[in-house]
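Only one structure is covered here, and it is reproduced in the block below.
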Amino acid sequence: MRYDEYLAAGFPIATGVIEGACRHWVKDRMERSGMRWNLAGAKAMLNVRAIHESDCWKTSQEHRREDKSKRYHPHRGPLADYQPLALAI
11 MRYDEYLAAG
21 FPIATGVIEG
31 ACRHWVKDRM
41 ERSGMRWNLA
51 GAKAMLNVRA
61 IHESDCWKTS
71 QEHRREDKSK
81 RYHPHRGPLA
91 DYQPLALAI
């Protein structure tokens, strides 16, 4: 990176901050002793870490439960008002 040119042009240089964030978000979690990751597992772990660190855990879990419920019970809405004939009398 050409720091001198960017500083002369008035651009902020924040590589230290960015590297610190990468270390905090990725390296500290993913490079613990004995851990091995494939790409899918690493992406899943970093998604969970990002949700947790951004204080969106509760909202995310509510969305996940709702999505899962819709996938496993796609007809729940239309049948909610259904009353069997024997009970309607």
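Residue numbers (the numbering used here): 11 to 99. Idealized CB from N, CA, C, for every residue including glycine.
Three-way DSSP call (helix, strand, coil) for residue i in this model
{"i": "Trp35", "result": "helix"}
{"i": "Trp67", "result": "helix"}
{"i": "Met45", "result": "coil"}
{"i": "Ala18", "result": "helix"}
{"i": "His85", "result": "coil"}
Pairwise C-alpha distance: residue j and residue i
{"i": "Met64", "j": "Gly20", "result": "In the sequence as presented, Met is not what sits at residue 64; that position holds Ser. If you take the alpha carbons of Ser64 and Gly20, they lie about 30 Å apart."}
{"i": "Arg46", "j": "Pro22", "result": "36 Å"}
{"i": "Gln103", "j": "His85", "result": "Residue 103 is absent from the structure shown; the chain starts at 11 and stops at 99."}
{"i": "Glu76", "j": "Glu29", "result": "36 Å"}
{"i": "Trp67", "j": "Ala96", "result": "44 Å"}
{"i": "Leu49", "j": "Arg74", "result": "22 Å"}
Nonlocal neighbours in the same chain, by C-beta distance under 7 Å from residue i, ignoring five residues either side
{"i": "Arg81", "result": "none"}
Do three or more CB pairs link the segment 56-71 to the segment 31-43 at distances below 8 Å? yes
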